[in-house]
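Engineer: In terms of the numbering used here, the sequence shown opens at residue 1358 and continues consecutively.
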Amino acid sequence: MLVTLIWVIAFAVILLLCLKRWEASVSGVLDKLLPDILRSEDDRWVWCPAIAVLGATAIVSPVDMLLTLLIIALLALVGGKLVCWAMKKVDFH
1358 MLVTLIWVIA FAVILLLCLK RWEASVSGVL DKLLPDILRS EDDRWVWCPA IAVLGATAIV
1418 SPVDMLLTLL IIALLALVGG KLVCWAMKKV DFH
């Protein structure tokens, strides 16, 4: 129960800070990182809760978060290598 309470408090604080500082800092960073296809008019209401969830989860269980990111990176690397290998084997006429 305590972990859930800490997570909810961290989520609320990060969400509040992200929404307050949207124009000053968060929007500019996302504009540099995201391609045009992922941007819209209401980015604030999509990205701020997503950032708050990731931040609160990283505060509550950082080791689990790092291990998850490591597994995702390994799967992406293996998947990319498999796709490259398959593309070399396919004969495009």
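Even for Gly, the Cβ is constructed at its ideal location relative to N, Cα and C.
Give a yes or no on whether the C-beta atoms belonging to F1449 and A1413 are separated by under 7 Å.
Structural biologist: If you number the sequence shown from 1, residue 1449 lands on position 92. If you number the sequence shown from 1, residue 1413 lands on position 56. For F1449 and A1413, no; Cβs fall outside 7 Å.
Engineer: Determine the contact status of W1364 and V1420, defining contact as a CB-CB distance below 7 Å.
Structural biologist: Taking the first residue of the sequence shown as position 1, residue 1364 is located at position 7. Taking the first residue of the sequence shown as position 1, residue 1420 is located at position 63. Contact flag unset, no.
Engineer: In whole angstroms, what separates the C-alpha of D1393 from that of L1387?
Structural biologist: One-based indexing of the sequence shown puts residue 1393 at position 36. One-based indexing of the sequence shown puts residue 1387 at position 30. C-alpha separation (whole angstroms): 10 Å.
Engineer: Near M1451, what residues of its chain come up, given a Cβ to Cβ distance below 7 Å and the 5 sequence neighbours on each side ignored?
Structural biologist: This structure cannot speak to residue 1451, because the chain is shown only from 1358 to 1450.
Engineer: How should I1305 be labelled, buried or exposed, when 16 other C-beta atoms within 10 angstroms of its C-beta is the threshold for buried?
Structural biologist: One cannot answer for residue 1305 here, as it falls past the ends of the chain, which runs 1358 to 1450.
Engineer: State the DSSP-derived secondary structure class of M1422, mapped to helix, strand or coil.
Structural biologist: To locate residue 1422, count along the sequence shown from 1; it is residue 65. It is helical.
Engineer: Is the Cβ-Cβ distance between A1409 and I1366 less than 7 Å?
Structural biologist: Sequence index remark: in the sequence shown, residue 1409 carries index 52 (1-based). Sequence index remark: in the sequence shown, residue 1366 carries index 9 (1-based). Going by C-beta atoms, A1409 is not nearer than 7 Å to I1366.
Engineer: Whole angstroms are fine: how far does the CA of L1391 sit from the CA of S1397?
Structural biologist: The residue labelled residue 1397 in the question sits at position 40 within the sequence shown. The residue labelled residue 1391 in the question sits at position 34 within the sequence shown. For S1397 and L1391, the distance between alpha carbons rounds to 11 Å.
Engineer: Just mark W1404 as buried or exposed, buried being the case when its beta carbon has 16 or more other beta carbons within 10 Å.
Structural biologist: Translated into positions along the sequence shown, residue 1404 becomes position 47. W1404 comes out buried.
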